[in-house]
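What follows is a short report on a single structure.
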Amino acid sequence: MSIEALRLHSLEIPLVRPFRTSFGTQTVRDVVLVEAIDSDGRHGWGECVTMAWPGYNAEYTAGAVAVIERYLAPIVLGQDWDPERLRSKLDVIRGNELAKASVATAVLDAWLQSREQSLGDYLGAVRDHVDCGVSVGIPTSETIAELLEEVGGYVDAGYRRIKLKIEPGWDLEPVAAVRELWPSIPLQVDANQAYTREHAHHLARLDEFDLLLIEQPLGEDDWWGHRIVAEACATPICLDESILSLESAEAAIEFKAASNINIKPGRVGGFVQAKEIHDLCLSREIPVWCGGMLETGVGRAANIALAALPGFTLPGDTSASNRYYAEDVTKPFVLDNGTLPVPTGPGIGIAPIPENLTAMRVDLIELMATR
Ligand code: OSB
Ligand code: MG
Numbered sequence: 004m005s006i007e008a009l010r011l012h013s014l015e016i017p018l019v020r021p022f023r024t025s026f027g028t029q030t031v032r033d034v035v036l037v038e039a040i041d042s043d044g045r046h047g048w049g050e051c052v053t054m055a056w057p058g059y060n061a062e063y064t065a066g067a068v069a070v071i072e073r074y075l076a077p078i079v080l081g082q083d084w085d086p087e088r089l090r091s092k093l094d095v096i097r098g099n100e101l102a103k104a105s106v107a108t109a110v111l112d113a114w115l116q117s118r119e120q121s122l123g124d125y126l127g128a129v130r131d132h133v134d135c136g137v138s139v140g141i142p143t144s145e146t147i148a149e150l151l152e153e154v155g156g157y158v159d160a161g162y163r164r165i166k167l168k169i170e171p172g173w174d175l176e177p178v179a180a181v182r183e184l185w186p187s188i189p190l191q192v193d194a195n196q197a198y199t200r201e202h203a204h205h206l207a208r209l210d211e212f213d214l215l216l217i218e219q220p221l222g223e224d225d226w227w228g229h230r231i232v233a234e235a236c237a238t239p240i241c242l243d244e245s246i247l248s249l250e251s252a253e254a255a256i257e258f259k260a261a262s263n264i265n266i267k268p269g270r271v272g273g274f275v276q277a278k279e280i281h282d283l284c285l286s287r288e289i290p291v292w293c294g295g296m297l298e299t300g301v302g303r304a305a306n307i308a309l310a311a312l313p314g315f316t317l318p319g320d321t322s323a324s325n326r327y328y329a330e331d332v333t334k335p336f337v338l339d340n341g342t343l344p345v346p347t348g349p350g351i352g353i354a355p356i357p358e359n360l361t362a363m364r365v366d367l368i369e370l371m372a373t374r
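The structure is reproduced here in structure tokens:
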């Protein structure tokens, strides 16, 4: 089965509420779904999790589309792939992990379908449901009242862990307010690189709120700064943006810059790499959890399979579809007692609903193998 075509579907899906982080506010998810069509007529799907602008990391959606068109599609098209060989082949393109992951996952989905194997089975899933957390943005009104209203809704829905987005000026007070109302809910924070080393002792004031972790307080490449913060705080430090590869995960552990890791398959180039990082962390007893990028059902299905691996001992940002979208491009994932079911069908186990795909689509690029 060789890959005969890649289709890049650009979608715009409104979010149920604005999502504000230290790097900006999103009200619409503009996302590209990659469809890989093989010579036996199978359709594999992968989600490109870039944001529209380079605020989370250096990649952004329009740039990722250009990278896929110019560099990744010519590598992939017209050939037969297994996941490991594709991974090493795509490695000749530097960086651009989010773009690479989207193409690699679409090809992986088609390949798994040809073997009638689910992604969870392929990766080594040990659970049929995963514990779900939810990531709560900075309220656009910047009021504690709005934050508590939103968190209350998620607690009532059954989420097993709450993550609050923080930035300088929005940290101790909101965390204290949530902790006061819910004294025992598992709680953590995510700064998306908004602080500096000079804030180490300020961040240590979060210790009194019994948080699971503080995620990515400093810049992506500030290894030494994260070590300084880790020494100042009793709360575990977790890295997200800094972890781009197996090697960076190992550096974080050995250097004691982090004591747990958020694994996002997009950020590390795909599921083969995500599993390698999981395996390393499991062997070093470093807890991991599955991050999110406001995925549609396509990316969510695959993330849930990953989160079913044994080392994923903390609830992930794998929330139900209705936390993000009134209508998803796939059948929605519905929270079941604070968990989501691991898909069992071949490949990622889900595909866009054709009518939703067409209705949400703002652009379509088709790239064909040349013969
Ligand atoms: O830092 O984890 C992050 C969303 C977009 C970009 C970066 C991040 C996030 C989230 C939301 O925190 C996770 C989700 O619910 O998908
Ligand atoms: Mg994060």
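Quick note on our numbering: the sequence shown kicks off at 4 and runs consecutively. Even for Gly, the Cβ is constructed at its ideal location relative to N, Cα and C.
Specify, as a first and last residue, the run of the alpha helix (DSSP H) that R88 falls within.
Indexing the sequence shown from 1 puts residue 88 at position 85. Element bounds for R88: 86-93.
Any heavy atom of the ligand OSB inside 7 Å of the beta-carbon of N325?
The residue given as residue 325 occupies position 322 in the sequence shown. Answer for N325: no, Cβ out of range of the ligand OSB.
For T347 and L184, what's the separation of their Cα atoms in angstroms?
Reading the sequence shown from its first residue, position 344 is the one you call residue 347. Reading the sequence shown from its first residue, position 181 is the one you call residue 184. Those two C-alpha atoms are separated by around 38 Å.
Three-state class that DSSP yields for C236 in the structure shown
Position 233 of the sequence shown holds residue 236. If DSSP states are grouped into helix, strand and coil, C236 belongs with coil.
Would the C-beta of G294 count as close to the ligand MG, meaning under 7 Å from any of its heavy atoms?
Counted from its first residue, the sequence shown places residue 294 at position 291. Checking the Cβ of G294 against the ligand MG gives yes.
If you reduce the DSSP assignment to three classes, tell me which class L266 lands in.
Numbered from 1 along the sequence shown, position 263 holds the residue referred to as residue 266. The sequence shown places Ile at residue 266, not Leu. In the structure shown, I266 sits in a strand (DSSP, three-state: E or B).
Check whether the Cβ of E380 lies closer than 7 Å to any heavy atom of the ligand OSB, and answer yes or no.
What the structure shows of the chain is the stretch from 4 to 374, and residue 380 is not part of that stretch, so it cannot be assessed.
Range covered by the beta strand (DSSP E) that runs through V133:
Position 130 of the sequence shown, counted from the first residue, corresponds to residue 133. Run containing V133: 132-134, per the beta strand (DSSP E) assignment.
Quick one: Cα of Q29 to Cα of A252, how far?
On the sequence shown, position 26 is the one that residue 29 refers to. On the sequence shown, position 249 is the one that residue 252 refers to. One C-alpha to the other measures close to 29 Å.
DSSP state of K166, grouped into three classes?
Taking the sequence shown and counting its residues from 1, the one referred to as residue 166 is at position 163. In this structure, K166 counts as strand in the three-state DSSP scheme.
Between the C-alpha atoms of P349 and R163, what's the straight-line distance to the nearest angstrom?
Mapped onto the sequence shown, residue 349 falls at position 346. Mapped onto the sequence shown, residue 163 falls at position 160. Computed Cα separation, rounded: 28 Å.
Consider the C-beta atom of S248 and the heavy atoms of the ligand OSB; say whether any pair is separated by less than 7 Å.
Indexing the sequence shown from 1 puts residue 248 at position 245. Because no heavy atom of the ligand OSB lies under 7 Å away, the Cβ of S248 does not count as near it: no.
Spatial distance of N340 from V79 (CA atoms)
Here residue 340 is taken as the residue at index 337 of the sequence shown, counted from 1. Here residue 79 is taken as the residue at index 76 of the sequence shown, counted from 1. Going from the Cα of N340 to the Cα of V79 covers about 41 Å.
Bridge-paired residues (DSSP) for V192
In the sequence shown, the residue the question calls residue 192 occupies position 189. According to DSSP, which records beta bridges pairwise, V192 is partnered with L167, I217.
Judging by CA-CA distance, which residue of P186, G273, V337, W84 is the nearest neighbour of D247?
Numbered from its first residue, the sequence shown carries residue 247 at position 244. In the sequence under discussion, the amino acid at residue 247 is Leu, which differs from the Asp named in the question. Ranking P186, G273, V337, W84 by Cα distance to L247 puts G273 first.
In angstroms, rounded to a whole number, what distance separates the CA positions of N263 and T373?
Residue 263 sits at position 260 when you count from the first residue of the sequence shown. Residue 373 sits at position 370 when you count from the first residue of the sequence shown. N263 and T373: Cα-Cα distance of roughly 45 Å.
Taking T299 as part of the alpha helix (DSSP H), name the residues at either end of that continuous run.
For the purposes of this step, residue 299 is identified with residue 296 of the sequence shown, where counting begins at 1. Where T299 is concerned, there is no enclosing alpha helix (DSSP H), given that its DSSP letter is neither H nor E.
Locate the beta strand (DSSP E) running through E176, then write down its first and last residues.
Here residue 176 refers to the residue found at position 173 of the sequence shown. Element bounds for E176: not the beta strand (DSSP E) but the alpha helix (DSSP H), 175-184.
Return helix, strand or coil for V19, following the three-state DSSP convention.
What you label residue 19 is simply residue 16 of the sequence shown in a count that begins at 1. Note: V19 maps to strand in three-state DSSP.
Here's the rule I'm using: 16 or more other beta-carbon atoms within 10 Å means buried, otherwise exposed. How should A237 be labelled?
Within the sequence shown, numbered from 1, the residue matching residue 237 stands at position 234. By the neighbour-count rule (16 or more Cβ atoms within 10 Å), A237 is not buried but exposed.
Could you give the DSSP three-state label for R97: helix, strand or coil?
On the sequence shown, position 94 is the one that residue 97 refers to. Residue state, collapsed to three classes: coil.
Where L175 and A260 are concerned, what is the direct C-alpha to C-alpha distance, given to the nearest angstrom?
As a working note, residue 175 is residue 172 in the sequence shown. As a working note, residue 260 is residue 257 in the sequence shown. Those two C-alpha atoms are separated by around 22 Å.
Figure out for me which residue from R32, M296, S5 has the closest Cα to the Cα of V365.
As a first step, residue 365 is located in the sequence shown; it is residue number 362 there, counting from the start. V365 has its Cα closest to that of R32, out of R32, M296, S5.
Extent of the continuous alpha helix (DSSP H) run through A372:
As a working mapping, residue 372 is identified with position 369 in the sequence shown. Element bounds for A372: n/a, residue is neither H nor E.
Could you name the residues of the same chain whose beta carbon sits closer than 7 Å to that of R326, not counting the 5 residues immediately before and after it, in chain order?
Here residue 326 is taken as the residue at index 323 of the sequence shown, counted from 1. Excluding residues within five positions, the ones whose Cβ falls inside 7 Å are V137.
Where H281 falls, given that 16 or more other Cβ within 10 Å makes a residue buried:
Residue mapping note: residue 281 aligns to position 278 of the sequence shown, counting from 1. Buried, by the Cβ-count rule.
Return yes when the Cβ of G294 is within less than 8 Å of the Cβ of I266, no when it is not.
Taking the first residue of the sequence shown as position 1, residue 266 is located at position 263. Taking the first residue of the sequence shown as position 1, residue 294 is located at position 291. In contact: I266 and G294 (Cβ atoms closer than 8 Å).
Is the Cβ-Cβ distance between F315 and V332 less than 8 Å?
Working through the sequence shown from its first residue, we reach residue 315 at position 312. Working through the sequence shown from its first residue, we reach residue 332 at position 329. Not closer than 8 Å, so no.
Per DSSP, cross-strand counterpart(s) of L343:
Locating residue 343 in the sequence shown gives position 340, where the first residue counts as 1. The partner list for L343 (beta bridge, DSSP) reads V133.
Identity of the residue in D124, V35, G156 nearest S105 by Cα:
Walking along the sequence shown from the start, residue 105 turns up at place 102. Considering only alpha carbons, the answer is V35.
Report the option in E279, L214, L343, V232 whose CA atom is closest to the CA atom of L221.
Here residue 221 is taken as the residue at index 218 of the sequence shown, counted from 1. Answer by Cα proximity: V232.
Beta-carbon separation of V19 and Y328 under 8 Å?
Within the sequence shown, the letter at position 16 stands for residue 19. Within the sequence shown, the letter at position 325 stands for residue 328. Against a cut-off of 8 Å, the Cβ pair of Y328 and V19 comes out as a contact.
What are the complete alpha helix (DSSP H) segments, minimum 4 residues, inside the region 277-321?
300-310
Would the C-beta of D174 count as close to the ligand MG, meaning under 7 Å from any of its heavy atoms?
Within the sequence shown, residue 174 is the residue found at index 171, counting from 1. No, the beta carbon of D174 sits no closer than 7 Å to any heavy atom of the ligand MG.
In three-state terms, what does DSSP make of Q120?
For the purposes of this step, residue 120 is identified with residue 117 of the sequence shown, where counting begins at 1. Q120: coil per DSSP, three-state reduction.
Which of the three DSSP states is assigned to A128 in this structure?
Along the sequence shown, read from residue 1 onward, the residue named residue 128 stands at position 125. DSSP places A128 in coil when its eight states are reduced to three.
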